[in-house]
Amino acid sequence: MTQSERFSNLPEYAFPRLRSLLTGIEPGLADQAQPVVMTIGEPRHALPDFVAPILAETIAEFGKYPPNEGAPELLQAISDWIRRRHRLEIPPAQICTLNGSREGLFNAAIALCPETKNGARPAILVPNPFYQVYAVAAAAVDADAVFVPATFATGHLPDFAGLPAETLARTAIAYLCSPANPQGAIASEDYLEELLTLAETHDFVIFSDECYSEIYRDVPPPSALAVAARMGLTDRVVMFNSLSKRSNLPGLRSGFAAGGADAIKRIRTLRSYSGAPIPLPAQRVSTKAWSDDAHAEANRQLYLQKYAIADRIFGNIPGYFAPQGGFFLWLPVPAEIGDGEAAAKKLWGEAGVQVLPGGYLARDSAAGNPGRDFIRVALVDDAEKTEAALNRLKNCLYQGG
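Just so you know, we're using UniProt numbering here: the sequence shown kicks off at 1 and counts up by one.
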């Protein structure tokens, strides 16, 4: 299969697909209500108050080429944050800055996936449902994307150990997102230890997508890299994180990868040729953001309010899963309505609430599409707007039940 054929076989991206689905449907509104978009994971809380002053002070640095792997001050700030947050010593040389975590999640596959694994075409394991860049990365390196169901039956996390031995033998990379997008499940230390043992046994690397790690209910989610370090398996994990969710800075496009020395060296080498470094003023903001935990904790408290609102509104709905982290609801669609697409059309046409069909975030398998009967709802507005929108959603989809 040619490169062109591999990409032509990818399904349409979720958001253009949603626009096509809702074309011609006017939002149903009553009592002067406004349309509410709860599709994209774009935080709408206030920016940290230090952003504008730092940009103003460093604006002349837009006239300089920034260091590709990250300014020393930024790399040190990230290293310090990892130590504070995860009690883990990762030196700056084992960190690479990124234009958001998506860049790294894609390019790391190019840097680290072998052409063959045990004489066969490599496999890349992908949770199903999943963040769509994982599958595109597999296509880019001509690997087989193996979609591993993450459903209620598996605790909304993929059961990698349940895969056939022949699949694990040719596995090069396993993607894991914790807290999970879209379900909000958190991988425990026990889960991570089992996965790391599996990775060591079958010689593959875990790409740990931790971009929602600072939004959680009570207990901070563990990092796969921290667990790996305790097991002496640091080289088995590349950790990805960013400021998009933690600091409400999705437009800053600032994240990082951290891991074993060899993996980060290879990611840095690829980036020196093909990556676009973060502008220096944005790196200065990033340095402050990773150095300051107070604004991140204040941000988390705002999400705790919305968790409580969602639990109160949907707690008696059969199949409701209270997210343990992240800012999405993964809501079951009543059987009489149909699937996620039907629910999305109904909600937009009758309640003026826009959500994402769950099937757009998953792939078909022998057991069907695990997202087909769900919708993803982003809790990114303030508490008042979120509560009003969720009540409209409940009254429309669950008939006030």
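Glycine included, C-beta positions come from ideal geometry on N, C-alpha and C. Only a predicted model underlies this, so the values are computations on that prediction, with no experimental measurement involved.
Would DSSP call residue i helix, strand or coil?
i	result
A261	helix
P16	helix
S79	helix
V133	helix
G41	coil
C211	coil
L249	coil
P357	strand
D311	helix
D190	helix
Y175	strand
F204	coil
What does DSSP give as the partner residues of residue i in its beta bridges?
i	result
C96	A257
W330	R376
I110	Partner(s): none; I110 has no beta bridge.
L393	Answer is none; L393 lacks a bridge partner.
M231	For M231, which the question treats as bridged, DSSP gives no partner whatsoever.
S242	G255
F160	DSSP lists no partner for F160.
G325	Y216
K117	A120
Rounded to the nearest angstrom, what separates residue i and residue j at their Cα positions?
i	j	result
N391	P323	18 angstroms
P72	P92	8 angstroms
G340	K346	10 angstroms
V237	F204	9 angstroms
A139	L10	8 angstroms
D382	L168	44 angstroms
Q183	F314	15 angstroms
C113	F160	18 angstroms
D293	S79	14 angstroms
P16	L361	13 angstroms
Keeping to the same chain, check which residues put their C-beta closer than 8 angstroms to that of residue i; ignore five residues upstream and five downstream.
i	result
P179	A185, I186, Y212, S213, I215, Y216, P221, P323, Q324, G325 and G326
R84	D293
F62	P279, L280 and P281
Cutting at 7 angstroms between CB atoms, please list the residues of its own chain near residue i, excluding the five before and the five after it.
i	result
L98	G104, G255, F256 and A257
F147	V126, N128, R363 and S365
Does the separation of the CB atoms of residue i and residue j fall below 8 angstroms?
i	j	result
M231	S208	no
Y131	L157	no
L397	A229	no
V36	K394	no
residue 405	L270	Since the first residue of the chain shown is 1 and the last is 401, residue 405 is not available in this structure.
A120	I173	no
P66	P277	yes
Near residue i, which residues of its chain fall below 6 angstroms by C-beta distance, leaving aside the five closest residues on each side in sequence?
i	result
V353	V36, L347, A389, R392 and L393
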